[in-house]
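Here is the structure we will look at.
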Amino acid sequence: MGNFRETFGINDLKNKNTIWKALLAEFLANVLLNFFGCASCVSASGKPQGLVLIALTFGLVIFILVQTVGHVSGGHINPAVTAGMMATGNITIIKGILYIIVQCLGALAGSAVLKALTPEDLHKSGLGNTQLGPGFSPVQGFGVEFFLGFILILVICGVCDPNRPEAKPAAALAIGMAVAVGHLATVDFTGSSMNPARSFGSALIASNWTDHWVYWVGPVLGGIASALIYKHAFAAPTLGPLEIVERYTTTASDEKELKRLDVNRRDESLP
135 MGNFRETFGI NDLKNKNTIW KALLAEFLAN VLLNFFGCAS CVSASGKPQG LVLIALTFGL
195 VIFILVQTVG HVSGGHINPA VTAGMMATGN ITIIKGILYI IVQCLGALAG SAVLKALTPE
255 DLHKSGLGNT QLGPGFSPVQ GFGVEFFLGF ILILVICGVC DPNRPEAKPA AALAIGMAVA
315 VGHLATVDFT GSSMNPARSF GSALIASNWT DHWVYWVGPV LGGIASALIY KHAFAAPTLG
375 PLEIVERYTT TASDEKELKR LDVNRRDESL P
């Protein structure tokens, strides 16, 4: 009975303050992601928005949000991430399901706010609704989204590995860069969703469900695959207390040395 409660996460529901804070963080993060991210896809001038603009917006928004709410909920902000964490046992089943529900509701709310705050003639663009590019079949779209989910969750597993404490300070930046790279590479292919909730919110508001399954099945399966591969093939070995202290000490010493060299270089450059 104890293992059942632990596996499914029934005990998570007992700590109401913690679970509600985490759910609120995931909801709000997805509101902001869909509002700002999808806003970058909407052009008030009538000209198509640039690829770099869209990629940087999504990447920077994710960087900011993970940095802000990561300590509260883990900063999933994406059902594909949550699915990967559930597959590897890093989050319980009940908590994972609740995360996915609030992520979708948050994305829907973000897209709804975007629609409410923009003129009606701009709604024809789809308000950031993800669609397959011309000539792309649903199977090809699935493959693209599979690899987008794969690389994103692989990066997340790598930089959030508890046995790699030296990688933690750069985690949010690395995750944001992975999102930006995905958009730079594949916006013209599938809209570069990487995130089922993000596509769900914009699809519901735009009333366009064409090939919508691609944006769920692709990233979720890709995320689960990469999470399992990382766990069983790439995960860093467990560190003892002394090794953890040594790594932190080495990292801190390296940072101090870099600062010292930088100060010396500046002093030498002064007249």
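Take the sequence shown: its position 174, counting from 1, is numbered 308 in our numbering, and each next residue is one higher. No residue lacks a Cβ here, since even glycine has one placed at the ideal position from N, Cα and C. Bear in mind that the values here come from a model prediction, so they are computed numbers and not experimental data.
Annotated as distal: Ala-189 and Leu-362, with beta-carbon spacing of 7 Å or more. For Asn-164, the secondary structure class from DSSP, reduced to helix, strand or coil, is helix.
For Phe-334, the closest of Gly-269, Val-236, Phe-270, Ile-228 by C-alpha to C-alpha distance is Val-236. Residue environment analysis places Thr-152 among the exposed positions, since fewer than 16 neighbouring C-beta atoms fall within 10 angstroms of its C-beta.
Comparing alpha-carbon positions, the option among Cys-175, Gly-218, Gly-357, Cys-172 lying closest to Phe-276 turns out to be Gly-357. Assignment of alpha helix (DSSP H) within the stretch 309 to 362, counting only whole runs of 4 or more residues, yields 330 to 340 in chain order.
For Pro-268, there is no enclosing alpha helix (DSSP H), as DSSP marks it with neither H nor E.
The Cβ neighbour count for His-317, taken over all protein chains shown within 10 Å, is at least 16; the residue is labelled buried.
Non-local beta-carbon contacts of Leu-232 in its own chain, meaning distances under 8 Å to residues more than five positions away in sequence, involve Ile-153, Leu-157 in chain order. Val-206 and Leu-282 have their C-alpha atoms some 25 Å from each other.
By alpha-carbon distance to Ala-214, the top candidate from Tyr-364, Leu-373, Val-351 is Val-351.
Restricting attention to Gly-171, Ile-196, Asn-168, the CA atom closest to the CA of Ala-305 is found in Ile-196. At the C-beta level, Ala-246 and Ile-339 come within 7 Å of one another. In this structure, the straight-line span from the alpha carbon of Gly-325 to that of Ala-369 is close to 31 Å.
A direct Cα-to-Cα measurement between Phe-161 and Lys-249 gives close to 18 Å. The Cβ atoms of Leu-256 and Val-321 lie no closer than 7 Å to each other. Per DSSP, the unbroken alpha helix (DSSP H) holding Pro-213 starts and ends at 213 to 221. Remark: C-beta atoms of Pro-330 and Pro-353 approach each other more closely than 7 Å. Judged by DSSP in its simplified three-state form, Thr-191 adopts helix. With fewer than 16 other Cβ atoms inside 10 Å of its own Cβ, Gly-180 counts as exposed. CA-CA distance, Gly-240 to Leu-373, rounds to 37 Å. Only buried fits Leu-167, as 16 or more other CB atoms lie within 10 angstroms of its CB.
Across the structure, Tyr-349 and Pro-299 are spaced so that their CA atoms are roughly 33 Å apart. The C-beta of Leu-261 has 16 or more other C-beta atoms within 10 Å across all chains shown, which makes the residue buried.
Across the set Ile-211, Ser-341, Ser-174, Gly-218, the C-alpha of Gly-218 shows the shortest separation from the C-alpha of Phe-284.
For Ala-178 and Ser-336, the gap between their C-alpha atoms comes out near 18 Å. In this structure Gly-209 touches Leu-199 by the C-beta definition: roughly 7 Å separates them, less than 8 Å. In the DSSP assignment, Cys-294 falls outside any alpha helix (DSSP H), carrying neither H nor E.
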